[in-house]
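J.:
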Amino acid sequence: MKKVLGILAGVAFVALLAWTGVVLFQKSQKKPVVYSIAQPVRTDIVQKAVATGSVVPRKEVAIKPLVSGIVDQLHVEAGQAVKEGDLIARVRVIPDMSRLSDAGSRLNSAEIRLADAEREHGRQKALYEQGTVARAELDRAEVALQQAREELAAARSTLDIVRTGTSERVASAATTLVRSTSSGMVLDVPVEVGNSVIQANNFNEGTTIAAVADMGDMIFEGKVDESEVGKIRAGMELLLTIGALPEAKISATLEHIAPKGVEEEGAIQFEIRAAVRPDPDLFLRANYSANADIVLDRREQVLAIDEGLLQFDGDQAYVEVETGPQQFERRDVVTGLSDGIQIEIVSGLAEADKVKNPNTDLAPGEKAANGAPAAGQRTGARRRG
Numbered sequence: 017m018k019k020v021l022g023i024l025a026g027v028a029f030v031a032l033l034a035w036t037g038v039v040l041f042q043k044s045q046k047k048p049v050v051y052s053i054a055q056p057v058r059t060d061i062v063q064k065a066v067a068t069g070s071v072v073p074r075k076e077v078a079i080k081p082l083v084s085g086i087v088d089q090l091h092v093e094a095g096q097a098v099k100e101g102d103l104i105a106r107v108r109v110i111p112d113m114s115r116l117s118d119a120g121s122r123l124n125s126a127e128i129r130l131a132d133a134e135r136e137h138g139r140q141k142a143l144y145e146q147g148t149v150a151r152a153e154l155d156r157a158e159v160a161l162q163q164a165r166e167e168l169a170a171a172r173s174t175l176d177i178v179r180t181g182t183s184e185r186v187a188s189a190a191t192t193l194v195r196s197t198s199s200g201m202v203l204d205v206p207v208e209v210g211n212s213v214i215q216a217n218n219f220n221e222g223t224t225i226a227a228v229a230d231m232g233d234m235i236f237e238g239k240v241d242e243s244e245v246g247k248i249r250a251g252m253e254l255l256l257t258i259g260a261l262p263e264a265k266i267s268a269t270l271e272h273i274a275p276k277g278v279e280e281e282g283a284i285q286f287e288i289r290a291a292v293r294p295d296p297d298l299f300l301r302a303n304y305s306a307n308a309d310i311v312l313d314r315r316e317q318v319l320a321i322d323e324g325l326l327q328f329d330g331d332q333a334y335v336e337v338e339t340g341p342q343q344f345e346r347r348d349v350v351t352g353l354s355d356g357i358q359i360e361i362v363s364g365l366a367e368a369d370k371v372k373n374p375n376t377d378l379a380p381g382e383k384a385a386n387g388a389p390a391a392g393q394r395t396g397a398r399r400r401g
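The sequence shown maps to residues 17 to 401 in this note's numbering.
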């Protein structure tokens, strides 16, 4: 019995050793790599440059008062449509004491000259009726009297303007009435009733009472990096993406590229301007932030593959085409336009071909043993332009 148990124990030990060896051998063997397959597709490829900026009215007018004073009345609010000549506000003038004194003195002088002219006219008229002086002397006295009356009226008007900003003689052009100089929409009214305002002069830009803009004529103002500015030109198409309107895709046409760049955070930026063509039913607000894709080149419905499927032998781009299950052969290709994700295949592939993804087991951003980028990464392929 002991002999039988010993034999069984020996057999079990040998079986355990054999099983352990098989397991270790299987673990030491590498699993075969199974490559995923991709097919070329027909698609549009658009090469773009990116600009950041904002959508603003082409023409924005700052409405300023013609006199300094206090805002007495406001007749508009932001968002209201106005026409050229519409009343925006009324300003109450605070008289300048020096100017008020000068105007009062001129009025007194004008009254004295008028009284003197009236006396002279009466004397010349009496002498003329007596036949002592000629008609010409009376005519000169009448002219002097008329001039004195006009000077008095002007002096009174000047005093009224200094006091109140207007007078009966210029009521239709009263400087206390602030009117719109342009048709459009009121964007902002930065003052309130009771605020002091200053007229524009050589030393001061003046106080803005309202900002008016034509919201039907909008432009995109943005900046492009110097690495991209050499690729763009006036007349190119832009596609705007507005953060506040994520679903809206708005077209624009590039109008202007600044001839001089400006340095911002160590990089040179060039200002650009583009005419916006919004949908008639879409209302664009001033100063919406926007990103612009500038279309540098476009290919429509061309054969394309992911750039990550390309491999390189020096400068020669090639792919591996499936000839049987997990069997591949090299196929040299000529590439065209790329958008950084997909690349045009000019020749070397057919739409029905199945292309090996050399980076099947790699996450995007990792590199395979051959140095090729993972699928979806941009490559340095030399392309036909």
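For glycine and all other residues, C-beta sits at the position ideal for the given N, C-alpha and C. These numbers come from a predicted model, not from an experiment.
Should S52 be labelled buried (16 or more other beta-carbon atoms within 10 Å of its own) or exposed?
T.: The residue is exposed, with fewer than 16 neighbouring Cβ atoms inside 10 Å.
J.: Can you name the start and end residues of the beta strand (DSSP E) that V292 belongs to?
T.: Element bounds for V292: A283 to R293.
J.: Using the C-alpha atoms, what's the distance from L168 back to L130?
T.: For L130 and L168, the distance between alpha carbons rounds to 7 Å.
J.: Just the C-alpha distance for L270 and L175, rounded to the nearest angstrom, thanks.
T.: Spanning the two alpha carbons is a distance of roughly 55 Å.
J.: For the region 59-69 against the region 300-318, are there 3 or more C-beta pairs whose distance is under 8 Å?
T.: The answer is yes - the region 300-318 touches the region 59-69, with three or more Cβ pairs under 8 Å.
J.: Indicate the three-state DSSP secondary structure (helix, strand or coil) for G375 in the structure shown.
T.: Sequence check: residue 375 is Asn here, not Gly. It is coil, neither helix nor strand.
J.: Judging by CA-CA distance, which residue of E127, P294 and R156 is the nearest neighbour of R165?
T.: Measuring from the Cα of R165, the nearest candidate turns out to be E127.
J.: From D230, S173, N218 and P206, pick the residue whose C-alpha is nearest to that of T197; which is it?
T.: Closest by alpha carbon: D230.
J.: Secondary structure at N124, three-state DSSP: helix, strand or coil?
T.: Looking at N124 - three-state DSSP - the assignment turns out to be helix.
J.: Exposed or buried, Q140, counting other C-beta atoms within 10 Å across all chains shown (16 or more means buried)?
T.: It is buried - the Cβ of Q140 has at least 16 other Cβ atoms within 10 Å.
J.: Using CA coordinates, which residue listed in E136, L300, E242 and N307 is at the minimum distance from G282?
T.: With distances taken between Cα atoms, G282 lies closest to E242.
J.: Quick one: Cα of L33 to Cα of V350, how far?
T.: Distance between the alpha carbons of L33 and V350 is about 58 Å.
J.: Between I361 and V337, what straight-line distance do the alpha-carbon atoms span, to the nearest angstrom?
T.: So the alpha carbons of these two residues sit roughly 14 Å apart.
J.: Contact criterion: CB-CB distance below 7 Å. Does K141 meet it with respect to chain D?
T.: The chain inventory of the structure shown lacks chain D, comprising one protein chain alone.
J.: Quick check on A308: buried or exposed, where buried means 16 or more other Cβ atoms within 10 Å of its Cβ?
T.: Buried, since its Cβ has 16 or more Cβ neighbours within 10 Å.
J.: Assess contact between the region 363-371 and the region 70-77, defined as three or more Cβ pairs (one per stretch) separated by less than 8 Å. Is contact present?
T.: No, because fewer than three Cβ pairs between the region 363-371 and the region 70-77 fall closer than 8 Å, the two stretches do not touch.
J.: Could you spell out the range, first to last residue, of the alpha helix (DSSP H) harbouring S196?
T.: S196 -> no alpha helix (DSSP H), and no H or E assigned at all.
J.: Which residues mark the beginning and the end of the alpha helix (DSSP H) in which E242 is found?
T.: Segment E242 to V245, the alpha helix (DSSP H) holding E242.
J.: To the nearest angstrom, how far is the alpha carbon of E287 from that of A268?
T.: If I take the Cα positions, the gap works out to 15 Å.
J.: So is A264 buried or exposed if we call it buried at 16+ other beta carbons inside 10 Å?
T.: So A264 ends up on the exposed side.
J.: DSSP three-state label for T269, please.
T.: Three-state result, T269: strand.
J.: When you compare only the Cα positions, how much space is there between D102 and G200?
T.: D102 and G200: Cα-Cα distance of roughly 11 Å.
J.: Under a Cβ-count criterion, where at least 16 other Cβ atoms within 10 Å of its own Cβ denotes burial, should E316 be classed as buried or exposed?
T.: Looking at its Cβ environment, which holds fewer than 16 other Cβ atoms inside 10 Å, E316 is exposed.
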